[in-house]
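Participant: Here you go, one structure.
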Amino acid sequence: MLKNRGLRVTILKLDPYLNVDPGTMSPLEHGEVFVTMDGSETDLDLGHYERFLNQDFTILSNVTAGQIYNELLDKERMGSEFLGETVQVVPHLVSAVARRIKKLGESEDADVVIVEVAARSATWRRRRLSRRCVGCETWRDAKTRFQYILTLVPLLKPTNELKTKPTQHSVRALRALGIQPDAILCRLNDPTDSEEEAESLKDKISLHCGVPRDAIIYLPTLGNVYAVPGWLEKQGLAEVIMDRLGFERRDPVVPPVWKALADKPNDMERVSIAIVGKYTSLQDSYLSVVEALRHAELNQGIRIDLEWTPSELIEENGADRYLSKAQGIVVPGGFDKRGTEGMIQTAQYAREREIPYLGLCLGLQMMIIEFARHVAGIEEADSTEFDAAASEPVIALMEEQKNVTEIGGTMRLGAYSCVLTPGTRAYEAYAMAKNGSINERHRHRFEYNNAYRDRLERLGLLSSGMNPELSLVEIAEISDHPFMLGSQFHPEFRSRPEQPHPLFDLFVRYARQFRPDGTQHQLFASAVSVGS
Numbered sequence: 001m002l003k004n005r006g007l008r009v010t011i012l013k014l015d016p017y018l019n020v021d022p023g024t025m026s027p028l029e030h031g032e033v034f035v036t037m038d039g040s041e042t043d044l045d046l047g048h049y050e051r052f053l054n055q056d057f058t059i060l061s062n063v064t065a066g067q068i069y070n071e072l073l074d075k076e077r078m079g080s081e082f083l084g085e086t087v088q089v090v091p092h093l094v095s096a097v098a099r100r101i102k103k104l105g106e107s108e109d110a111d112v113v114i115v116e117v118a119a120r121s122a123t124w125r126r127r128r129l130s131r132r133c134v135g136c137e138t139w140r141d142a143k144t145r146f147q148y149i150l151t152l153v154p155l156l157k158p159t160n161e162l163k164t165k166p167t168q169h170s171v172r173a174l175r176a177l178g179i180q181p182d183a184i185l186c187r188l189n190d191p192t193d194s195e196e197e198a199e200s201l202k203d204k205i206s207l208h209c210g211v212p213r214d215a216i217i218y219l220p221t222l223g224n225v226y227a228v229p230g231w232l233e234k235q236g237l238a239e240v241i242m243d244r245l246g247f248e249r250r251d252p253v254v255p256p257v258w259k260a261l262a263d264k265p266n267d268m269e270r271v272s273i274a275i276v277g278k279y280t281s282l283q284d285s286y287l288s289v290v291e292a293l294r295h296a297e298l299n300q301g302i303r304i305d306l307e308w309t310p311s312e313l314i315e316e317n318g319a320d321r322y323l324s325k326a327q328g329i330v331v332p333g334g335f336d337k338r339g340t341e342g343m344i345q346t347a348q349y350a351r352e353r354e355i356p357y358l359g360l361c362l363g364l365q366m367m368i369i370e371f372a373r374h375v376a377g378i379e380e381a382d383s384t385e386f387d388a389a390a391s392e393p394v395i396a397l398m399e400e401q402k403n404v405t406e407i408g409g410t411m412r413l414g415a416y417s418c419v420l421t422p423g424t425r426a427y428e429a430y431a432m433a434k435n436g437s438i439n440e441r442h443r444h445r446f447e448y449n450n451a452y453r454d455r456l457e458r459l460g461l462l463s464s465g466m467n468p469e470l471s472l473v474e475i476a477e478i479s480d481h482p483f484m485l486g487s488q489f490h491p492e493f494r495s496r497p498e499q500p501h502p503l504f505d506l507f508v509r510y511a512r513q514f515r516p517d518g519t520q521h522q523l524f525a526s527a528v529s530v531g532s
């Protein structure tokens, strides 16, 4: 909303956990690890920030308690600061947080720095970083800060009554810490919550919480997350913020794509896409993959039905049981051996039935292993990630990783260049790429083993994207398949509503034409061998 009014906006996510970053956390506990262009492993919320604001962020936009404590202890041990002092939360830790916020704002010449403090009011007493930073010197002047909280207003079903007590208690707890919110966003989860009743609650919440009525914003569950900005616009939140921070009111300029995202009709062509992965029990593990598919969906005026399939079930029961109705298959990233044989079976199923297939990071590696085993006849083809003594390591540890002993923050991370091969599906997808060169974000240690490239390429596994500095395969595809392509990088991290990622967009175009009953569309029927 602020960016649509011409303000320069940046965002910082403040996490209270003691990990330096989420890179070593399980996706099933924390969700997706989002990688920025500069190679930072960050909270998945940064992906939302990039998609909503259509701008890239850096390591400066995600601060954890672990980072701050690490920084302070390093300086104390080095003697570069604090010599002779007792290092404490106040003032040293608070000042360190303040410096990070100020540094971010100055580095991006921002008019507004939005700071998300990730903690519930009930836990703030135990999370010093979260509660202390709100009072830090960066925003002591009340005219330069705007504090708001998000609370749940539950529906008591026996009486059909919306209850404001949790909100009142939350504000009371914050006040005890010296924090007075300037606005309250009230989440209404139940679809039976009426607009009239929600409006009537504003007087009650305003009275008991000491917040102006026009700064009480109610937010019901909407059809999709991209409808939220439009709803908040109608509630007048932008004007409340602009007035409080001293900005002149301006009319917003909303990109047309956001209106389309918020108002998608239901009677659209439907396409079934299967996501086969290791962490499907928590869909946030693949959040950016889902969003990238939604962006392609919007661009093509269709609706995608996602089918979530644990790869371990395919190992146990076979691919046909789960994938027989899929028009396209995505195999996203992951680590370690669990479930990988199911991914290899998935790749074989897609190759033999000409189902459009998009492999991301590990999904590319599984595609290569499957091709090596069943087309090239290399029965022992494997990855050294799964078997360090593999006799046929078609996927192997990168040379630069062989002496790495620490796990956190040591993978091949961030943006690297890739040169595309003309006449391939990859080149077709990136038709607008300048000089056939692209930059994409990585997060991996293992790579396609170049010792097998020539042998597999002669049989139709094309290396359609190469890193020019290290001669690493970044994209591979099968030449006699309508669309079977994998990338070593993570294209999902660069997809935006305004700019759907080219690989996802082309993948969905081919998936639309595939029919499980064999009655393919003309685009599919006319697909010719590429690279020949």
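Each residue of the sequence shown is one higher than the one before, starting from 1 at the first, in full-length UniProt numbering.
Glycine included, C-beta positions come from ideal geometry on N, C-alpha and C.
Spatial neighbours of R338 within its chain, please: CB distance less than 8 Å, with the 5 preceding and 5 following residues excluded, ordered by chain position.
Facilitator: K278 and E312
Participant: How should D320 be labelled, buried or exposed, when 16 other C-beta atoms within 10 angstroms of its C-beta is the threshold for buried?
Facilitator: exposed
Participant: Tell me whether H30 is buried or exposed, calling it buried when 16 or more other Cβ atoms sit within 10 Å of its Cβ.
Facilitator: buried
Participant: Out of F489, M268, L177 and L261, state which residue places its alpha-carbon closest to the alpha-carbon of S417.
Facilitator: Minimum Cα distance to S417 is reached at F489.
Participant: Run through DSSP, which three-state label would R125 get?
Facilitator: Annotation note: pLDDT 45 at R125 (below 50); position unreliable, coordinate value reported separately. Residue state, collapsed to three classes: helix.
Participant: Who pairs with R443 in a beta bridge, going by DSSP?
Facilitator: L413
Participant: State yes or no: is the C-beta of T10 within less than 9 Å of the C-beta of E85?
Facilitator: no
Participant: Taking the alpha-carbon positions, what's the W258 to G301 distance?
Facilitator: 14 Å
Participant: Assign K325 to buried or exposed, taking buried as 16 or more other Cβ atoms, counted over all protein chains shown, within 10 Å of its Cβ.
Facilitator: exposed
Participant: Can you name the start and end residues of the alpha helix (DSSP H) that Y322 belongs to?
Facilitator: D320 to L323
Participant: By the DSSP assignment, the beta strand (DSSP E) with I368 in it spans what residues?
Facilitator: No beta strand (DSSP E) contains I368, which is instead part of the alpha helix (DSSP H) from L362 to H374.
Participant: Using the DSSP secondary-structure output, state which residues sit across from I216 in a beta bridge.
Facilitator: Answer is I184.
Participant: Applying the criterion that 16 or more other CB atoms from any shown protein chain within 10 Å of the CB defines a buried residue, is L360 buried or exposed?
Facilitator: buried
Participant: Using the C-alpha atoms, what's the distance from I314 back to G342?
Facilitator: 5 Å
Participant: Between G23 and G377, which are expected to be in contact by the criterion C-beta below 8 Å, what is the C-beta distance as a whole number of angstroms?
Facilitator: So it is not a contact: roughly 38 Å between Cβ atoms.
Participant: Per DSSP, Y357 is paired with what?
Facilitator: For Y357, which the question treats as bridged, DSSP gives the partners I329 and M484.
Participant: Looking at V254 and E239, is the spacing between their C-beta atoms short of 9 Å?
Facilitator: no
Participant: State yes or no: is the beta carbon of K103 nearer than 9 Å to at least one beta carbon in chain C?
Facilitator: No chain C appears in this structure, which consists of one protein chain only.
Participant: By Cβ distance, which residues of its chain are closer than 6 Å to G66, with the 5 residues on each side in sequence left out?
Facilitator: Excluding positions up to five away in sequence, the list reads L18, N19 and V20.
Participant: Counting C-beta neighbours from all protein chains within 10 Å, is the total for E199 16 or more, i.e. buried, or is it exposed?
Facilitator: exposed
Participant: Apart from the five residues just before and just after V35, which ones in its own chain have a Cβ nearer than 8 Å to its Cβ?
Facilitator: E41, T42, L413, G414, R441, H442, R443, H490 and F493
Participant: Grab the span of the alpha helix (DSSP H) containing G230 for me, first residue to last.
Facilitator: V228 to Q235
Participant: According to DSSP, which residues form a beta bridge with R303?
Facilitator: R270
Participant: Across which residues does DSSP place Y448 in a beta bridge pair?
Facilitator: I395
Participant: Tell me the DSSP bridge mates of W308?
Facilitator: I275
Participant: Could you tell me the alpha carbon to alpha carbon distance between P393 and V375, rounded to whole angstroms?
Facilitator: 16 Å
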